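The structure appears below as structure tokens.
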Amino acid sequence: MRDKIKNSKRWVVKVGSSLVTNNGRGLDLAAIEDWAGQLVTMQKNGIQVVLVSSGAVAEGVARLGLNSRPKQVQLQQAAAAVGQMGLVQAYESCFMRQGVHAAQILLTHDDLSDRTRYLNARSTLTTLLGMGVVPVVNENDTVATAELCFGDNDTLAALVANLVNADVVVILTDQDGLFDADPRSNSAAKLINAASAVDGSLSAMAGKGSSLGRGGMMTKLSAARLAARSGTNTVIANGHEKQVLLRLLQGETIGTLLEADNEPVTARKQWLASQLSLKGKLVLDAGAVKVLRNSGRSLLAVGIREVSGKFNRGEVVSCVDESGAEIARGLVNYGEDEIERIKGRSSGEIESLLGYAGEEEIIHRDNLILSE
Ligand code: GLU
Numbered sequence: 011m012r013d014k015i016k017n018s019k020r021w022v023v024k025v026g027s028s029l030v031t032n033n034g035r036g037l038d039l040a041a042i043e044d045w046a047g048q049l050v051t052m053q054k055n056g057i058q059v060v061l062v063s064s065g066a067v068a069e070g071v072a073r074l075g076l077n078s079r080p081k082q083v084q085l086q087q088a089a090a091a092v093g094q095m096g097l098v099q100a101y102e103s104c105f106m107r108q109g110v111h112a113a114q115i116l117l118t119h120d121d122l123s124d125r126t127r128y129l130n131a132r133s134t135l136t137t138l139l140g141m142g143v144v145p146v147v148n149e150n151d152t153v154a155t156a157e158l159c160f161g162d163n164d165t166l167a168a169l170v171a172n173l174v175n176a177d178v179v180v181i182l183t184d185q186d187g188l189f190d191a192d193p194r195s196n197s198a199a200k201l202i203n204a205a206s207a208v209d210g211s212l213s214a215m216a217g218k219g220s221s222l223g224r225g226g227m228m229t230k231l232s233a234a235r236l237a238a239r240s241g242t243n244t245v246i247a248n249g250h251e252k253q254v255l256l257r258l259l260q261g262e263t264i265g266t267l268l269e270a271d272n273e274p275v276t277a278r279k280q281w282l283a284s285q286l287s288l289k290g291k292l293v294l295d296a297g298a299v300k301v302l303r304n305s306g307r308s309l310l311a312v313g314i315r316e317v318s319g320k321f322n323r324g325e326v327v328s329c330v331d332e333s334g335a336e337i338a339r340g341l342v343n344y345g346e347d348e349i350e351r352i353k354g355r356s357s358g359e360i361e362s363l364l365g366y367a368g369e370e371e372i373i374h375r376d377n378l379i380l381s382e
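Below, the structure is given as structure tokens:
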């Protein structure tokens, strides 16, 4: 029984190009309808889901009547721009038929390493999830080519998992999972049911016999390792397996589970800690210090007395009490000039003071680490 998967609350599900497009023949609408149905059922059971879908290039190639995937990256990008229309149309109508809205999110890896864009993407995604919308993510192939060249969106799925604090990433592919030898040439090859994502011996298994290029087992393993850094468990499974997502959710042993060694919260805080380069300081009043220390809540403007340093949204600041002792560090949702204008005021006044309404927290509790 895979309890970690069974008791999870937020999933990122990635579907690969060959699955989505019936091995390049064109969108597999029946399969898409089926995954959408499973995702909607999961949602009804209280699981929030983000879908990461490849297949834009493959569908564009089919629509444009090209013989095969072009070698030149700019032609792949053009094909992706055509194919993405088809993907979005298919997801939109499948989810709509089941009474759920879908949303298109196009991201690049750079968006997620830039802290401001990271926070913006995170806000949009978590807002959509809160509204019961299913975000459908792909790489923005017009402006970035990382997944075209290397990943078939495996890495993107791991980055998105980190972005939304997912507890599970499921990578659906056309293979049953990770084997200890190449199943095509070795009939004794055994499916690995579970392993630690950081187990070094897996690399040789993933590398052997599978393509090291786009979307092979190697990129899936690297994606699982990346996801594990923020505490997310990864399952690699066959997308053609009947009701695969729902059965995984019930704890059934399907595919390969690559486990994260750390709990999500600890791992996320470690990850945040590694990003730290302090850009400024917020002096908090006694009430805010108490709230942060004792109740694990977010930092609001009302508890801030002074601001110093030069920083923008998404940068890391130190929060200190009135004697100067550090209480916490965290990623701010506002720059120092904005905080200067809203400090000491209630969240409801932010819109009238700044002329626009942003997040009500100055530092969200997920982005806050208490100092020892
Ligand atoms: N973003 C790409 C797509 O959706 C990734 C897959 C690929 O490399 O073909 O087509």
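Under this note's numbering, think of the first position of the sequence shown as 11, with each following residue one higher.
For glycine and all other residues, C-beta sits at the position ideal for the given N, C-alpha and C.
The structure displayed is predicted, hence computed values, not measured ones.
Which of the three DSSP states, helix, strand or coil, is assigned to residue i?
{"i": "VAL330", "result": "strand"}
{"i": "GLY34", "result": "coil"}
{"i": "LYS24", "result": "strand"}
{"i": "SER197", "result": "coil"}
{"i": "SER240", "result": "coil"}
{"i": "SER356", "result": "coil"}
{"i": "ALA234", "result": "helix"}
{"i": "GLU273", "result": "coil"}
{"i": "LYS320", "result": "coil"}
{"i": "VAL64", "result": "Note on residue identity: the sequence assigns Ser, not Val, to residue 64. SER64 falls in the coil class under three-state DSSP."}
{"i": "LEU122", "result": "helix"}
{"i": "ILE202", "result": "coil"}
{"i": "GLY297", "result": "helix"}
{"i": "ASN304", "result": "helix"}
{"i": "ILE246", "result": "strand"}
{"i": "THR229", "result": "helix"}
{"i": "THR266", "result": "strand"}
{"i": "ARG339", "result": "strand"}
{"i": "LEU76", "result": "coil"}
{"i": "GLU382", "result": "coil"}
{"i": "LYS16", "result": "helix"}
{"i": "GLY56", "result": "coil"}
{"i": "GLN114", "result": "strand"}
{"i": "GLY290", "result": "strand"}
{"i": "GLU102", "result": "helix"}
{"i": "GLU348", "result": "helix"}
{"i": "GLU370", "result": "coil"}
{"i": "ARG375", "result": "helix"}
Measuring alpha carbon to alpha carbon, tell me which of the options ends up nearest residue i.
{"i": "VAL143", "options": "HIS111, LEU166, PHE160, LEU122", "result": "HIS111"}
{"i": "ALA335", "options": "SER381, LYS353, ARG73", "result": "SER381"}
{"i": "VAL153", "options": "GLY56, GLN185, LYS24, THR118", "result": "THR118"}
{"i": "VAL98", "options": "ALA66, GLN108, LEU74, LEU122", "result": "ALA66"}
{"i": "LEU135", "options": "ILE115, ASP120, GLU149, LEU122", "result": "ILE115"}
{"i": "GLN87", "options": "LEU122, GLY96, VAL71", "result": "VAL71"}
{"i": "GLU332", "options": "VAL317, ASN322, VAL326, PHE321", "result": "VAL317"}
{"i": "SER27", "options": "GLU149, LEU139, LEU138", "result": "GLU149"}
{"i": "GLY297", "options": "SER213, GLY365, ASN32, GLY354", "result": "GLY354"}
{"i": "VAL23", "options": "GLN58, LYS16, GLY34, LYS14", "result": "GLN58"}
{"i": "GLY226", "options": "GLN53, ILE246, LYS289", "result": "ILE246"}
{"i": "ALA156", "options": "GLN84, SER18, THR137", "result": "GLN84"}
{"i": "CYS104", "options": "ASP44, ASN196, SER78", "result": "ASP44"}
{"i": "ASN322", "options": "ARG339, ASP347, VAL330", "result": "ASP347"}
Compute the distance between the beta-carbons of residue i and residue j, then report whether it is under 9 angstroms.
{"i": "GLU69", "j": "VAL50", "result": "no"}
{"i": "SER240", "j": "ASN130", "result": "no"}
{"i": "LEU310", "j": "ARG125", "result": "no"}
{"i": "ARG127", "j": "GLY324", "result": "yes"}
{"i": "ALA176", "j": "ALA100", "result": "no"}
{"i": "ILE202", "j": "PHE189", "result": "yes"}
{"i": "ASP164", "j": "LEU158", "result": "no"}
{"i": "ARG73", "j": "GLY36", "result": "yes"}
{"i": "THR244", "j": "LEU258", "result": "no"}
{"i": "THR229", "j": "GLY161", "result": "yes"}
{"i": "LEU76", "j": "ALA89", "result": "yes"}
{"i": "LEU139", "j": "VAL174", "result": "yes"}
{"i": "VAL312", "j": "SER356", "result": "yes"}
{"i": "LEU231", "j": "LEU212", "result": "yes"}
For residue i and residue j, which I take to be in contact (beta-carbon distance under 8 angstroms), what is that distance rounded to the nearest angstrom?
{"i": "GLU369", "j": "ASN343", "result": "5 angstroms"}
{"i": "GLU269", "j": "ALA204", "result": "6 angstroms"}
{"i": "VAL179", "j": "ALA167", "result": "6 angstroms"}
{"i": "SER287", "j": "VAL327", "result": "Not a contact, Cβ separation roughly 11 angstroms."}
{"i": "ALA41", "j": "LEU29", "result": "7 angstroms"}
{"i": "ILE314", "j": "ILE372", "result": "7 angstroms"}
{"i": "GLY249", "j": "VAL25", "result": "6 angstroms"}
{"i": "ILE349", "j": "LEU302", "result": "Their Cβ separation, rounded to whole angstroms, is 16 angstroms, which puts ILE349 and LEU302 out of contact at 8 angstroms."}
{"i": "GLN260", "j": "GLN48", "result": "So it is not a contact: roughly 12 angstroms between Cβ atoms."}
{"i": "VAL170", "j": "VAL147", "result": "6 angstroms"}
{"i": "SER206", "j": "ASP295", "result": "Their Cβ separation, rounded to whole angstroms, is 45 angstroms, which puts SER206 and ASP295 out of contact at 8 angstroms."}
{"i": "LYS291", "j": "VAL330", "result": "6 angstroms"}
Is there at least one Cβ from chain D nearer than 9 angstroms to residue i's Cβ?
{"i": "GLU69", "result": "Of the protein chains in the structure, only one exists, and it is not chain D."}
Complete alpha helix (DSSP H) runs within the stretch 145-204 (minimum length 4 residues, chain order): 164-173
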